[in-house]
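These notes concern the structure reproduced below.
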Amino acid sequence: MTSGGGATGATSQGAPWQARGPRGLLLRWGLPRDPHASRHVTAFLVVTVLTVLVTRGALAATGFPQVGGPGLHVSHVLWGGLLLGLAVLLALSFIGPVVRPLVVLVGGIGFGLFVDEIGKFVTEDYDYFYGPTAMLVYVSVVALALVGEVLTGRRRAVPSERLAAAVDQAVAGVAGGFSSRVREHAQDLLEAAHGVPGHDEAAALVATVRPDGSELPDPVAAVSHGVVRLSRRLVRAAWVPRVAVVTIAGTALLGVARGLWLARDGGTAGWVVGALLAGGAATTAACVAGLLADDRERAFTWFRRAVLVSLLITQVALLRIEEWVGYAGLALDVVLLGLVAAELDVLRERDHGGADGDGDTDTGRTGDGAPAHVR
1 MTSGGGATGA TSQGAPWQAR GPRGLLLRWG LPRDPHASRH VTAFLVVTVL TVLVTRGALA
61 ATGFPQVGGP GLHVSHVLWG GLLLGLAVLL ALSFIGPVVR PLVVLVGGIG FGLFVDEIGK
121 FVTEDYDYFY GPTAMLVYVS VVALALVGEV LTGRRRAVPS ERLAAAVDQA VAGVAGGFSS
181 RVREHAQDLL EAAHGVPGHD EAAALVATVR PDGSELPDPV AAVSHGVVRL SRRLVRAAWV
241 PRVAVVTIAG TALLGVARGL WLARDGGTAG WVVGALLAGG AATTAACVAG LLADDRERAF
301 TWFRRAVLVS LLITQVALLR IEEWVGYAGL ALDVVLLGLV AAELDVLRER DHGGADGDGD
361 TDTGRTGDGA PAHVR
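The numbers in the UniProt record's numbering rise by one with no breaks, and the one at position 43 of the sequence shown is 43.
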């Protein structure tokens, strides 16, 4: 049963358009997932990290000024909290999908300003320059990313979630009309929800929405689609995926070498050395497994795992040793992950005959249907 009323007997027993298990229970409670949730969570975390980097860089460049009068210091955690509150206020004030990108940006900046001050809240002397701060910020972001992955990224949306998303899109359309792009997206969602109770009624509602070319800009979608297009264009060249794999393996070996050097030199926490050695070894092993794989898709699946191990283990240790070197390694891993993910998308579309979702479908196919770099 949802908060708005009862559910039918078919739904309560688990109809074919519904999910079973915990997801089915969430749907019965009226909690379908937003099809763009993964994009929005990713953007929120990226904005958070960028805010931390910009804040720390700006403070370092200006000599860490004190904001406030005599005996007062207005920490930027205050502005972060206010922006987080504003993001919640926006989310509670407007219905429909249009406000969510703004919530992402305002909330990401707010959380970045908040979490940047984490050193002050884990030390007795309120130390903004606490050594492990960069690592703690990163661990916080990774923890939220894992929670987001569990909530939104582990399974594809079921048809009833697609229908709910189409109705959600219609909420904005009823008030302000549909541009041709938004109408097409709503119709795609309806097509994926064919056969779900309420489909015909939702389709009729979408059909009655008046056309209107005016749209509020969505910078999150624009950047997301731009990154997808750029990544796919890059992996058209055969040398780009190869260089990415060599870079993954090379950085893993450098991590192992750094760990061995620190172990011999002494003075570094044992868990940091262990993380460098374990992360580097696991990343190298995943690369070897990818090189030995019997098909290209399985190989790049292993390469993706290699980058994820580096992000979850090696980068934590590097950020504990040296903040800006760690952030550089983090940026490199994110780029590598994007290239590997783009290559996987192209390979899967070749095997399964097309893209799923609303992402860019420019895969660099040649006339025989195969991606140019795989021929």
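Note that beta-carbon positions come from the ideal geometry of N, C-alpha and C, so glycine has one too. For clarity, every value in this text was computed on a predicted model and none was experimentally measured.
Just the Cα atoms here: how many angstroms apart are residue i and residue j?
| i | j | result |
| --- | --- | --- |
| Leu339 | Phe111 | 28 Å |
| Val273 | Phe121 | 26 Å |
| Ala91 | Ala278 | 42 Å |
| Pro22 | Val150 | 12 Å |
| Gly354 | Leu234 | Any reading at Gly354 must be qualified, since the residue scores a pLDDT of 46, below 50, and its modelled position is unreliable; no value is offered. |
| Val246 | Val334 | 15 Å |
| Thr48 | Ile109 | 6 Å |
| Tyr130 | Leu105 | 27 Å |
| Ala222 | Val142 | 24 Å |
| Val137 | Gly119 | 9 Å |
| Glu184 | His199 | 16 Å |
Just mark residue i as buried or exposed, buried being the case when its beta carbon has 16 or more other beta carbons within 10 Å.
| i | result |
| --- | --- |
| Arg210 | exposed |
| Val167 | buried |
| Ile248 | buried |
| Thr62 | exposed |
| Ala157 | buried |
Just to confirm the assignment, what range does the alpha helix (DSSP H) spanning residue i have?
| i | result |
| --- | --- |
| Ala293 | From DSSP, Ala293 is part of no alpha helix (DSSP H); its letter is neither H nor E. |
| Val52 | Ala37 to Ala61 |
| Arg229 | Pro219 to Arg236 |
| Asp34 | Counting along the chain, Asp34 falls outside any alpha helix (DSSP H), and DSSP gives it neither H nor E. |
| Leu190 | Ser180 to Ala192 |
| Asp200 | His199 to Thr208 |
To which residues of the same chain is residue i closer than 6 Å at the C-beta, ignoring the five residues directly before and after it?
| i | result |
| --- | --- |
| Ala289 | Trp302 |
| Ala186 | Ala166, Gln169 and Val206 |
| residue 389 | Not covered by the structure: residue 389. The range shown for the chain is 1 to 375. |
| Leu311 | Asp333 |
| Ala192 | Arg162 |
| Ser140 | Val115 |
Residues in its own chain within less than 7 Å of residue i by CB, not counting five upstream and five downstream?
| i | result |
| --- | --- |
| Leu318 | Val325, Gly326 and Gly329 |
| Leu216 | Val98 |
| Leu102 | Leu90 |
| Glu343 | Val235, Pro241 and Phe300 |
Can you name, in chain order, every residue of its own chain whose Cβ lies under 8 Å from the Cβ of residue i, other than the five neighbours on each side?
| i | result |
| --- | --- |
| Glu117 | Ser75, His76, Val77, Gly80 and Tyr128 |
| Asp212 | Gly176, Gly177, Phe178 and Ser179 |
| Thr227 | It is Val, not Thr, that sits at residue 227 in the sequence shown. Taken in chain order, the residues that qualify are Gly338. |
| Pro159 | Trp17, Ala192, Ala193, His194, Gly195 and Val196 |
Which residue spans inside the region 66 to 151 form an unbroken alpha helix (DSSP H) run of at least 4?
Complete alpha helix (DSSP H) runs here, min 4: 76 to 93, 100 to 115, 118 to 121 and 133 to 148.
Starting from the N-terminal side, write out each stretch of the alpha helix (DSSP H) that is 4 residues or longer and does not extend beyond the region 255 to 342.
270 to 292, 296 to 309 and 315 to 321
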